[in-house]
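*Asks:*
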Amino acid sequence: MLTPDEAVLFRAFPPIGVILFARNIGEPCQLARLMIQLRRVLPPGALLMVDQEGGRVARLRPPHWRGHKPAAALGALFDTSPAAALRAAWLTGALIGLDCAAAGFDTAAAPVLDLSIPGAHDVIGDRALAAEPAIIGRLGRALAAGLMAAGVQPVGKHAPGHGRARVDSHLSLPAVDANDLDRDLLPFALNADMPWMMTAHIVYAAFDPICPATLSPTVIHEIIRGRIGFEGVLVTDDLAMKALSGAPAELAARALAAGCDVALYCSGDFGPTEALLRTCPPLTDTARMRLAAARTTAARSRLPLSPVPLAQERDRLL
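Its first residue numbered 588, the sequence shown is counted upward by one per residue in this note's numbering.
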């Protein structure tokens, strides 16, 4: 549950939202109480996010919430029946979105738009939809549309592409030396109108040989905003990951100065979180407009959905 110190901190230095992890989530009644506590201390309209891709990256899990096959299962289905795979992707997004929305979340960190690359680190692995960029683009778009049909804002990740990484960015800083990354960019470009995207903590030598994407003005402005054409909310991957070095408050300031709209810090440690919130620059006017547009897009896309028939249809297809 929310501690008294956390409640005081969030009232004094309010974040734009909170992301919850498995350590915060037990069963539905406990989660509901935590959500009420958060809504009482956060600003009106604050975002509540959860990392809920399905497969092995899921914070809402059975027996209390639905389980889902990994994204690669959708890519495998596409090989035999593209229409069924696209329908299953939309249904999966809608079912994930229904669980997220019922629990009180308005934003889900999904879908993954990274390539499946043989020989790369399995931190992405079966989280990737496919190896072919155009297939990823189509399936990722269907997943995102399903999430928005449930009223949940999707977050495409990890721009400009994590698939080639040979080390886990949770543990160390990957470097991608490939000169031609057009294939990596294509799934993101095909989803450039997505409400949110998340950056990758990776150095791309072809773009910026020094700074990882999250901290690189070149990658953010010339590649993500430029070549990909993304105009929505750009959020960092977790600044607590070991790919980045430095104090979280410093990293947040650098990421925002580089062009990210939102800094994400997920350790749960009170001291660094307090230091970050005390010093973090305020939202820019542009970031506020992007956040408002993301919320509006999801709200306008929302459909009346019945979870049982959707689940039955998705299971039949998969």
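For every residue, glycine included, the Cβ atom is placed at its ideal position computed from N, Cα and C. It should be emphasised that the depicted structure is a prediction, and the values quoted were computed from it without experimental measurement.
From the DSSP output, in three-state form, read off Met828 for me.
*Replies:* The answer is coil: DSSP assigns Met828 none of H, G, I, E or B.
*Asks:* With H, G and I counted as helix, E and B as strand and the rest as coil, what does DSSP make of Gly733?
*Replies:* Helix at Gly733.
*Asks:* Taking the C-alpha atoms as reference points, what is the distance between Asp825 and Cys867?
*Replies:* Taking the straight line joining both Cα atoms gives about 15 Å.
*Asks:* Output the boundary residues of the alpha helix (DSSP H) element that contains Gly684.
*Replies:* Unbroken alpha helix (DSSP H) run through Gly684: Pro669 to Ala690.
*Asks:* One question on the structure: do Pro782 and Ala670 come within less than 9 Å of each other, judged by their Cβ atoms?
*Replies:* Not a contact, by the Cβ cut-off of 9 Å.
*Asks:* What are the complete beta strand (DSSP E) segments, minimum 3 residues, inside the region 719–781?
*Replies:* Runs found: 740–746.
*Asks:* Do you know offhand how far Pro602's Cα is from Pro698's?
*Replies:* Roughly 24 Å between the two C-alpha positions.
*Asks:* Is DSSP giving Glu614 helix, strand or coil here?
*Replies:* The answer is coil: DSSP assigns Glu614 none of H, G, I, E or B.
*Asks:* Quick one, are the C-beta atoms of Val790 and Ala765 less than 9 Å apart?
*Replies:* Cβ atoms of Val790 and Ala765: not closer than 9 Å.
*Asks:* In this structure, how does DSSP classify Glu818 when only helix, strand and coil are distinguished?
*Replies:* Coil at Glu818, not helix or strand.
*Asks:* Below 6 Å CB to CB, which residues in the same chain sit around Phe600 once its five sequence neighbours on both sides are set aside?
*Replies:* Contacts found: Leu864 and Arg865.
*Asks:* Would Thr805 and Thr786 qualify as a contact pair, given that the criterion is a beta-carbon distance under 9 Å?
*Replies:* Cβ distance not < 9 Å, so Thr805 and Thr786 don't count as in contact.
*Asks:* Under 8 Å by Cβ, that's how I've got Leu897 and Ala681 pegged, so tell me the actual separation to the nearest angstrom.
*Replies:* Contact holds; Cβ gap of about 6 Å.
*Asks:* Using a beta-carbon distance below 9 Å, is Ser756 in contact with chain E?
*Replies:* Protein chains in the displayed structure number just one, and chain E is not present.
*Asks:* Tell me whether the beta-carbon of Leu647 lies closer than 9 Å to the beta-carbon of Thr679.
*Replies:* It is not a contact, given that the beta carbons lie outside the stated cut-off.
*Asks:* Could you name the residues that DSSP lists as bridge partners for Trp783?
*Replies:* Bridge partners of Trp783: Val742 and Val820.
*Asks:* Mapping DSSP to helix, strand and coil, what is Ala645?
*Replies:* DSSP places Ala645 in strand when its eight states are reduced to three.
*Asks:* Where does the unbroken beta strand (DSSP E) through Val637 begin, and where does it stop?
*Replies:* Leu634 to Val637 is the extent of the beta strand (DSSP E) around Val637.
*Asks:* Pick helix, strand or coil for Thr694, following the three-state DSSP scheme.
*Replies:* Thr694: strand per DSSP, three-state reduction.
*Asks:* Could you work out which residue in Val739, Ala840, Gln639 and Arg903 is closest to Thr883 when comparing CA atoms only?
*Replies:* The shortest Cα separation from Thr883 among Val739, Ala840, Gln639 and Arg903 belongs to Val739.
*Asks:* Short of 6 Å in beta carbon distance, which residues of its chain neighbour Val628, apart from the five on each side in sequence? Order them along the chain.
*Replies:* Cβ within range, chain order: Ala594, Phe597 and Arg598.
*Asks:* With DSSP run on the structure shown, which of helix, strand or coil describes Val710?
*Replies:* Coil at Val710, not helix or strand.
*Asks:* Applying the criterion that 16 or more other CB atoms from any shown protein chain within 10 Å of the CB defines a buried residue, is Arg875 buried or exposed?
*Replies:* Exposed is the call here.
*Asks:* With a 10 Å radius around its C-beta and 16 neighbouring C-beta atoms as the bar for buried, classify Cys687 as buried or exposed.
*Replies:* With 16 or more Cβ atoms within 10 Å of its Cβ, Cys687 is classed as buried.
*Asks:* Looking at Ala752 and His708, is the spacing between their C-beta atoms short of 9 Å?
*Replies:* Yes, the Cβ-Cβ distance between His708 and Ala752 is below 9 Å.
*Asks:* Helix, strand or coil, according to DSSP, for Leu878 in the structure here?
*Replies:* If DSSP states are grouped into helix, strand and coil, Leu878 belongs with the helices.
*Asks:* State buried or exposed for Pro747, treating a residue as buried only when at least 16 other CB atoms are found within 10 Å of its CB.
*Replies:* Flag for Pro747 reads buried.
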